[in-house]
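Residues 2 to 178 (our numbering) make up the sequence shown, in order. From the three backbone atoms N, C-alpha and C, an ideal C-beta is built for every residue, glycine too.
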Amino acid sequence: MAGLLVGVITFLIALLMSLGSEALVRAVNNVLIAIILLLFVIFLGIFFDILGTAATAAQLAPYNARAAKKVFGAKQAVRIKSNAHKVANYFNDVIGDIAGTLSGAIGAGIVVSLINQFATLDVVLMGGMMTSLIAALTVGGKAIGKSFAIKNANDIIFRLGVVLAYWEKYTHTEFLR
2 MAGLLVGVIT
12 FLIALLMSLG
22 SEALVRAVNN
32 VLIAIILLLF
42 VIFLGIFFDI
52 LGTAATAAQL
62 APYNARAAKK
72 VFGAKQAVRI
82 KSNAHKVANY
92 FNDVIGDIAG
102 TLSGAIGAGI
112 VVSLINQFAT
122 LDVVLMGGMM
132 TSLIAALTVG
142 GKAIGKSFAI
152 KNANDIIFRL
162 GVVLAYWEKY
172 THTEFLR
């Protein structure tokens with residue numbers, strides 16, 4: 002049943018992000034803006050991959066010690082680490098897959114736009130180059146990000162805990178109970 006819920010949530014997030022990015026690209030109709038959006042989506046995938054990796058690599062003891070001293074954000078960091086499998090699944094897999102799919106769609110839109118503007122460009126060559134560029138940026142960025150996440154896991158998760166603590170303080174919504 003949990004897998005079905007993840008699938009439905011993924012569908013809804015992907016739909017919202019896809020419609021939003023597609024509407025933005027069409028409204029602007031500017032290749033430069035589309036490239037900036039593409040880089041943002043790739044960066045977002047890398048960023049959440051870093052968070053998911055850090056959740057699995059972090060140590061619980063420092064957060065427990067800080068939580069005992071009532072340090073702001075430590076309680077949330079404990080919950081993040083205690084639910085590392087869920088955090089990693091959503092951040093690395095769900096958001097990562099959505100970012101990958103969206104970046105491919107945006108890349109295809111950029112290629113179509115370039116082909117429409119410059120009729121002499123080869124569709125197959127441009128498509129292959131765009132796919133290769135997206136793959137290189139995504140895979141290379143995630144490789145660098147994973148190394149960074151493993152080395153700085155405790156700091157990353159504590160900072161995420163602080164962000165989550167502020168979110169919970171102002172929205173009165175508790176995550177990862």
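Item	Value
Which residue's Cα is closest to the Cα of V140: D156, V112, W168, S104?	S104
For G8, does the count of other Cβ atoms within 10 angstroms reach 16, so buried, or fall short, so exposed?	exposed
Report yes or no: do three or more beta-carbon pairs, one from the stretch 49-68 and one from the stretch 135-155, lie closer than 8 Å?	yes
Among the residues of its own chain, which have a CB less than 7 Å from the CB of L138, if the five just before and after it don't count?	I43
Quick check: the Cα distance between T54 and A120, rounded to an integer number of angstroms?	43 Å
Please report the straight-line C-alpha distance between F48 and G146, rounded to a whole angstrom.	8 Å
Mapping the DSSP letters down to three states, classify Q118 as helix, strand or coil.	helix
Are there 16 or more other CB atoms within 10 angstroms of the CB of G21, so buried, or fewer, so exposed?	exposed
On the DSSP letters alone, give me the boundaries of the alpha helix (DSSP H) that L61 sits inside.	Unbroken run through L61: none, as it is neither H nor E.
Please state whether DSSP places H173 in a helix, a strand or coil.	coil
Let's see if you can read the secondary structure: which residues bound the alpha helix (DSSP H) around V88?	85-89
To the nearest angstrom, how far is the alpha carbon of T11 from that of I96?	8 Å
Hey, how far is the Cα of F176 from the Cα of L165?	8 Å
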